[in-house]
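I have placed the structure first, in the form of structure tokens, so that the comments after it can refer back to it.
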Amino acid sequence: MVRDFRVPFPFFNRCNKNIDQVNRIRDSLAIMSDNSTAFSLPQPHLMRTKLCDLKDEDLDPTYVARRDQLKTLVASILRPKIVQGKALNGKEFISFLEQILDALNKGEIPSTGSLVEISNKDIVERCVKLYNEKMVKLRLPMTEEYLQSAHETAHNEAIKAFDAQHFGRQHAQKSVDQLDEQMQEVYKNFVLANEYQSSKLCEALYTKCEDDMDHLQALRLPSMAKFNAGLVYCNQSFEHQCVGPSKQNYEQRLTKMMGKARSLFIKEYNNRLFSWLVAFSLVMVVVGRFIIKFILLEMAAWTLFIFLETYTRMFWTAESLFYNPVWHLFHRWDLGDCCV
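Next up, the structure:
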């Protein structure tokens, strides 16, 4: 068909405007097919299912002639295969092809797909390195939400870089899955590192608050104002400095520890104040009788001493006394310390 079409048709009717365009196509085909040895074979016989049983005499003469022409053509253009300087015969050539196919099947000979995979593998490694460089710049610990946001930003940049460099559509999705899997592994390491740094920081702040509470418990002159100020400062320091996934856990521990410390401090504080009042009443008895010899002061001191030692034990428990409004009058001395 190509052979016949390349010859310009002698159109006599020039009224058709497409004739010149058709002839230009014929001329182009003629230039392209000057050195072409291709030709078609006609149908050998109408009985296609029995072609293997038919002899050459039963076949179409044109087919037989063209077939012999094809054999001659193939034999004329064939050249012996030279391997390592040695021309191969038919059996050696077949053995050579079998070795080639076996190596190809085992992947020892690079194919187009394997070359694309190797190229994409290098690109994946570069993109993972880019992702890691973005994540390394983060200052741990940080909140889980911020870490997730940073991961998504670095992940999108790595995917964008891969899309701009990868080869092959069929192998691209496989490489994208590998890239995503490797970035997830790196992200898990950052999550673990963030948890460790958060736990380390919050533990240090918790320990400092615990030491501060112990120090306030050991004050020679207990002050409720100082203790409350210490609680507030510890809470504020912990709230501002402790960040990351461990914050909630250590917040619960800190609240529980402070509650126990406050209860113990209040109990010790009131017990000391009660003991000082008893001692003060006895001192005033001695002062009123032997030093200034003022009977009213001595009687008032004895009244306070009897009240503290007798009346409170008969009608109140020691703890109920601490919550009585009258008892809070003795806390007035602590207000001045609060304002200092």
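The working numbering numbers the first residue of the sequence shown as 7 and each following residue consecutively.
Yeah, the Cβ is synthetic: ideal placement off N, Cα and C, and Gly gets one too.
Computed from a prediction, not measured in an experiment: that's the story for all the values here.
| Check | Outcome |
| --- | --- |
| A93 - partner residues in DSSP beta bridges | I88 |
| Rounded separation between L52 and L60 - CA only | 11 Å |
| Three-pair Cβ contact test at 8 Å for the region 277-284 versus the region 240-247 | no |
| Residues near I88 in its chain [Cβ-Cβ closer than 8 Å; skip 5 each side] | L94 |
| First through last residue of the alpha helix (DSSP H) which encompasses P67 | 67-83 |
| Delimiting residues of the alpha helix (DSSP H) encompassing I165 | 150-171 |
| Residue span of the alpha helix (DSSP H) that contains E245, given as start and end | 230-247 |
| Distance between A81 and D26 (C-alpha atoms, nearest Å) | 41 Å |
| Contact belief for Y152 with M189 at Cβ below 8 Å, rounded distance in angstroms | Rounded, the Cβ-Cβ distance is 18 Å, inconsistent with contact. |
| For V249, the nearest candidate out of L79, L302, L146, V122 (CA to CA) | L146 |
| Cutoff 8 Å; reference S181; Cβ partners in own chain excluding five residues on either side | E123, N126, K127, I129, V130, F168, H172 |
| Same chain, Cβ closer than 6 Å to K140, neighbours up to 5 away in sequence not counted | A160 |
| F311 vs V292 beta-carbon contact at 9 Å | no |
| With 16 other Cβ atoms within 10 Å as the buried cut-off, status of S269 | exposed |
| Counted within 10 angstroms of its Cβ, other Cβ atoms place N200 as buried (16 or more) or exposed | buried |
| N- and C-terminal bounds of the alpha helix (DSSP H) containing G294 | Element bounds for G294: n/a, residue is neither H nor E. |
| Proximity winner among F271, V142, D108, A170, relative to K232 (alpha-carbon distances) | F271 |
| Close-in-space but distant-in-sequence residues of the same chain around G236 (CB under 6 Å, 5 per side omitted) | D218, L222 |
| Exposed unless 16 or more other CB atoms sit within 10 angstroms - verdict on H157 | buried |
| Integer Cβ distance of P48 from T68, believed to fall under 8 Å | 5 Å |
| Closest by C-alpha distance to M46, when choosing among D62, A71, D33, I31 | Rather than Met, the amino acid found at residue 46 in this sequence is Ser. Of the listed residues, the one whose Cα sits closest to S46 is A71. |
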